[in-house]
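Under the numbering used here, think of the first position of the sequence shown as 22, with each following residue one higher.
What follows is one structure encoded as structure tokens, with my remarks underneath.
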Amino acid sequence: VMTPDSDSVLTIGVFDGVHKGHRQLLDMLTSEAAARGFVSGVITFRNHPDSIFRTDFRPQYITSLDKRIRLMKDCGVDFVLPVTFDRETATLRAEDFAGLLQQKLRMRGLIVGPDFAMGHKREGDIEMLTALGSKMGFTVQKVDLMVNGGKAVRSTQIRQAIASGDISAASEMLGRHFSLSGKVGQGEKRGRELGFPTANLDVPPDMAVPANGIYATFAYVDGQRYMAATSIGTRPTFNGIGRTIEAFLLEFDSDLYNRPVRLEFVQRLRDELKFDDVEALLDQMNIDVQQTREILQAP
Numbered sequence: 022v023m024t025p026d027s028d029s030v031l032t033i034g035v036f037d038g039v040h041k042g043h044r045q046l047l048d049m050l051t052s053e054a055a056a057r058g059f060v061s062g063v064i065t066f067r068n069h070p071d072s073i074f075r076t077d078f079r080p081q082y083i084t085s086l087d088k089r090i091r092l093m094k095d096c097g098v099d100f101v102l103p104v105t106f107d108r109e110t111a112t113l114r115a116e117d118f119a120g121l122l123q124q125k126l127r128m129r130g131l132i133v134g135p136d137f138a139m140g141h142k143r144e145g146d147i148e149m150l151t152a153l154g155s156k157m158g159f160t161v162q163k164v165d166l167m168v169n170g171g172k173a174v175r176s177t178q179i180r181q182a183i184a185s186g187d188i189s190a191a192s193e194m195l196g197r198h199f200s201l202s203g204k205v206g207q208g209e210k211r212g213r214e215l216g217f218p219t220a221n222l223d224v225p226p227d228m229a230v231p232a233n234g235i236y237a238t239f240a241y242v243d244g245q246r247y248m249a250a251t252s253i254g255t256r257p258t259f260n261g262i263g264r265t266i267e268a269f270l271l272e273f274d275s276d277l278y279n280r281p282v283r284l285e286f287v288q289r290l291r292d293e294l295k296f297d298d299v300e301a302l303l304d305q306m307n308i309d310v311q312q313t314r315e316i317l318q319a320p
């Protein structure tokens, strides 16, 4: 770890999604650091701590690590240090952890969320850390939980909204459209045969994916934005097996195979349906495309 040139104010956490609540905390971090002439830093865990404590834990990340780091840097944070949370991290005493942060990162201030705790068995709660701070020479400040329309803004709530297909609720809490990135893989080319060539997005298995259904999305290819109707599901009309994410880009006709694409989810149109025949499916697809166009072109 590169020791910073000046003392630092730090915060620690997964920060999955870098949502409105996280950004409120990061704002406090950067302004506190600036006021004291220090640098601001985030220690973010590559993996969720629950992946160590729970055998049944199946991560569903809202943002990849790269995107998380980029979003935090966009908030004005001076440095982000990704750390793997392992058994060793889990058994560190709070005082030893704080000592490491002082020694390696010159920590003089710590900004934490409302239910933050660090160290072995979460012993380092805010009360204990404040006491440690006055002994060791760092300050501790707590940021209250952000409430959005009477609801607490938490990554868990956002994951639930995504899983149930409530994209507008997820985007509202994130403060931006929820998005998924991946490379375009080989599909069954069925869309092409039907006159709707789709890009099959391969997404890492630990990413949160919206509920099955049809969505109005924006697709980003090489920095260019295109309107896209995106279907998530099992293709029940063709008795498909396994979930796919298929995007039909309006006004785009190049081959997308093996190219990176980012999908930004704007609105859910409908549930995934099983149609009696291909004609009925095509009629509905035309309606979906028209609806997508209207939603995405709206001012």
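Cβ atoms here follow ideal geometry from the backbone N, Cα and C, with glycine treated the same way.
Assignment of beta-bridge partners to Glu285 by DSSP yields Ser200 and Phe239. Between Val63 and Phe118, the C-beta spacing is not below 9 Å.
Met306 is classed as buried because its beta carbon has at least 16 other beta carbons within 10 Å across all chains shown. Between the region 262-281 and the region 215-234 there are three or more C-beta pairs closer than 8 Å, enough to call the two in contact. Pro231 is classed as buried because its beta carbon has at least 16 other beta carbons within 10 Å across all chains shown.
For the region 41-71, the continuous alpha helix (DSSP H) assignments of 4+ residues that do not extend past its boundaries occur at 41-57, in sequence order. The C-alpha of Thr84 lies about 22 Å from the C-alpha of Met248. For the options Pro103, Leu102, Val133 and Met139, the alpha carbon positioned closest to that of Gly120 is the one of Met139. Around the beta carbon of Leu294, fewer than 16 other beta carbons lie within 10 angstroms, which makes this residue exposed. The beta carbon of Ala229 lies closer than 6 Å to those of Gln81, Ile83, Arg180 and Ile183 in the same chain, with the five residues before and after it left out. Annotation: the continuous beta strand (DSSP E) that includes Ser252 extends over Gln245 to Gly254. For Pro70 and Asp107, the gap between their C-alpha atoms comes out near 8 Å. DSSP links Asn169 through a beta bridge to Lys172.
By the neighbour-count criterion, in which 16 or more other beta carbons inside 10 Å mark a residue as buried, Gly254 falls on the buried side. A straight line joining the alpha-carbon of Asn68 with that of Thr160 spans about 27 Å. Just measuring C-alpha positions, the residue of Leu86, Ala301 and Ala190 sitting nearest Val39 is Leu86. Rounded to the nearest whole angstrom, the CA to CA distance from Ser72 to Phe78 is 6 Å. Secondary structure of Lys295 (DSSP, three-state): coil.
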